[in-house]
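Here the structure comes first, spelled out in structure tokens, and everything after it is commentary.
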Amino acid sequence: MQNDRVVWYNPRPVTTEACRLCGNTQRNHLILNVAHWATDLGIMDVAACGSCKSAWFPNMERFLVPYPDTQIILQDPDFPYYIYHYLEIVGGLDWKVSLLERLPFAQFRSVLEIGCNAGVTLDYCRTQWNADKVIGLEPSALWRDGFALVRNADSAAIPA
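Quick note: the sequence shown uses the numbering used here, first residue 1, plus one each step.
What follows is the structure, encoded as structure tokens:
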């Protein structure tokens, strides 16, 4: 897919930016650039690690945008639609449940989810599977700003 908001690099330029996951600086390449949702911030590059193969945004800090004040969001007349959209589409409950239920969940006593967003899947596993412990790690700006992911989740193993 290529359009005015997403452009794939071909050939892929080399970057010396360190991988956010493993710290590697060798054989890293820019793979695409994408328009930031806040148009005044312009275009962001996406890089791929030559070692662990993870992807990240070089210079990510420049593109972080504070979340709107809670009261502003709650007063938006479309707020109920956003919640429905998040739970059904973004949170993945429309397609995740059928996949989760294929797992031998009766054997699971704990669940770890990396990239858990607000913890919708973790909450599902905690309540429907009766898991003893659910842990979610979310490396987004929201998490770094101290947003509580899932109430009742075990936060002892979450790094500060």
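Glycine included, each C-beta is placed from N, C-alpha and C at the ideal position. Note that the structure is a prediction, hence the values are computed from the model and not measured.
Residue environment analysis places W129 among the buried positions, since at least 16 neighbouring C-beta atoms fall within 10 angstroms of its C-beta. Secondary structure of L74 (DSSP, three-state): helix. The DSSP-derived three-state label of E61 is helix. A contact is defined here as three or more CB-CB pairs under 8 Å, and the segment 49-63 meets this definition with respect to the segment 11-22. By a beta-carbon distance limit of 8 Å, N33 contacts V7. Their separation comes to about 5 Å.
Straight-line measurement puts the Cα of F63 at about 8 Å from the Cα of M44. Straight-line spacing of the CA atoms in P77 and P68 works out to 15 Å. In the DSSP annotation of this structure, L103 is not part of any beta strand (DSSP E), being labelled neither H nor E.
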